[in-house]
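Trainee:
Residue numbers (our numbering): 1 to 397.
1. What are the complete beta strand (DSSP E) segments, minimum 3 residues, inside the stretch 92–149?
2. Of all the options 195, 329 and 301, which has the alpha carbon lying nearest to the alpha carbon of residue 279?
3. What three-state label does DSSP hand residue 231 in the structure shown?
4. CB-CB under 8 Å to residue 19, same chain, minus the five flanking residues each way: which ones, in chain order?
5. Return the chain-ordered list of same chain residues with a C-beta closer than 8 Å to the C-beta of residue 307, the five sequence neighbours on each side being excluded.
6. Using 8 Å for Cβ pairs, my map puts residue 126 next to residue 165. What's the rounded Cβ distance?
7. Please go through the same chain and pick out, in chain order, the residues whose beta-carbon is closer than 7 Å to the beta-carbon of residue 15, but skip the five residues on each side of it.
8. So with Cβ pairs under 8 Å, would you call residue 75 a contact of chain D?
9. So residue 52 is in the beta strand (DSSP E); what residue range does that whole segment cover?
10. Using CA coordinates, which residue listed in 261, 267, 283 and 254 is at the minimum distance from residue 402?
11. Pick helix, strand or coil for residue 344, following the three-state DSSP scheme.
12. Measuring only the C-alpha atoms, how far is residue 290 from residue 26?
13. Quick check: what's the CA-CA separation for residue 324 versus residue 148?
14. Compare the C-alpha of residue 65 against each of 214, 216 and 175 and name the closest.
15. Run through the DSSP bridge pairs and tell me what residue 198 is partnered with.
16. When we look at the beta-carbon of residue 195 and count the other beta-carbons within 10 Å, is it buried (16 or more) or exposed?
17. Tell me the rounded alpha-carbon separation between residue 326 and residue 313.
18. Would you call the stretch 126–140 and the stretch 69–76 in contact, with 3 or more CB pairs under 8 Å?
19. When you compare each of 192, 209 and 218 to residue 331 by their alpha carbons, which one comes out closest?
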């Protein structure tokens with residue numbers, strides 16, 4: 001756990017940047033390519049493609065409900081009361097919590113397949129009363145320790161949990177009184193208070209619970225440019241992602257492949273000033289007749305379809321590396337867990353590039369020697385091998 005606390009997203013992102021630099025240097029050295037400036041230009045020419053998208057790394061928590069959070073808070077408060085009563089020497093009458101009665105009532109409520117709004121609010125009111133009563137008992141017991149001059153009886157983790165329960169109770173009380181279902185900085189897990197509900201609007205899940213990631217895709221490698229535990233609009237990440245691409249490569253990308261949610265007026269204006277193309281459709285009414293040629297339409301469809309690469313990387317992370325089940329419980333360790341998953345996927349891609357690149361060069365050298373041996377002796381004809389991926393022997397006269 002200690003190493004996960006020290007190694008965060010920033011360190012893993014620097015390692016990802018080193019991987020991308022290494023691959024680009026090898027590619028430029030192999031092909032002798034340099035992005036030279038044109039005469040009269042201060043900046044190098046735009047080159048390359050960059051993709052951007054957002055996803056959520058779901059935390060491995062119980063699906064949160066208001067009554068579920070209140071019931072769990074009640075149980076933890078009862079344990080804290082037992083601890084304080086034990087440390088106080090069991091003086092006087094133990095505070096009443098009516099735990100057996102409320103346990104039976106909550107069990108009957110949870111067994112109901114159809115819960116009406118009246119049944120739901122009735123259970124919420126009971127749980128709010130229980131949690132409020134338990135919080136008052138804990139405050140009174142803590143005051144007794146202070147009056148006696150004894151040290152604070154709770155551990156840091158227990159005290160932190162009590163603060164979280166008090167905050168969760170206040171949020172649930174406000175939502176119950178105002179008959180609403182949302183509030184600012186809503187706690188969905190008393191064990192992981194940093195987790196927030198992230199609206200997604202997906203068919204499978206309208207709301208996800210975890211960290212929201214703004215990710216960029218470059219030459220098969222993915223980088224986490226933004227990791228936020230609060231919901232935000234991902235269009236604000238685009239300029240930062242393009243600038244990160246420039247800082248890494250020394251030039252802007254020639255094409256940015258994005259979803260329409262990124263194509264705001266501000267982003268379009270910023271990209272146009274830097275002569276960067278995007279795959280999103282232009283604003284305004286669609287023209288009746290398009291002036292694009294068949295080749296241009298085919299190229300546009302191909303560039304838009306290439307954005308599926310970053311979607312595939314998200315699927316690889318969630319299906320193969322449990323990106324949708326982050327089991328770390330602390331905020332810092334969860335961020336390290338998520339960043340490590342992307343770093344491992346980049347390492348695997350780097351090994352593929354390195355292996356196939358070396359294999360390709362080895363095959364090219366072997367085949368060149370074979371071609372030299374198989375050259376015919378007749379001066380009028382010669383045997384030529386065309387292509388490695390699609391081999392074809394041709395006799396040229």
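We put the CB at the ideal spot given by N, CA and C, even for glycine.
Mentor: On the basis of the supplied data:
1. Those beta strand (DSSP E) runs which fall completely within the stretch 92–149 and span 3+ residues do not exist here.
2. Of 195, 329 and 301, the residue nearest in Cα terms is 301.
3. Note: residue 231 maps to coil in three-state DSSP.
4. Cβ neighbours of residue 19 within its own chain (closer than 8 Å, five residues either side excluded): 221, 346, 347 and 350.
5. Excluding sequence neighbours, residue 307 sits near 51, 53, 257, 258, 259 and 279.
6. About 17 Å; that fails the 8 Å criterion.
7. The beta carbon of residue 15 sits closer than 7 Å to those of 343, all from its chain and outside the five residues before and after it, given in chain order.
8. In summary, chain D is missing from the structure at hand, where a single protein chain is found.
9. Bounds of the beta strand (DSSP E) holding residue 52 are 49–58.
10. The requested residue 402 does not occur in the structure, where the chain is confined to residues 1 to 397.
11. In the structure shown, residue 344 sits in a helix (DSSP, three-state: H, G or I).
12. In this structure, the alpha-carbon of residue 290 lies about 42 Å from that of residue 26.
13. So the two alpha carbons sit approximately 49 Å from each other.
14. The residue with the shortest Cα to Cα distance from residue 65 is 175.
15. BP columns for residue 198 point to 208.
16. Using a 10 angstroms sphere on the CB of residue 195, the tally of other CB atoms reaches 16 or more, which defines it as buried.
17. C-alpha separation (whole angstroms): 17 Å.
18. Cβ pair count under 8 Å is three or more, so yes.
19. Checked all of 192, 209 and 218; the closest Cα to residue 331 is 192.
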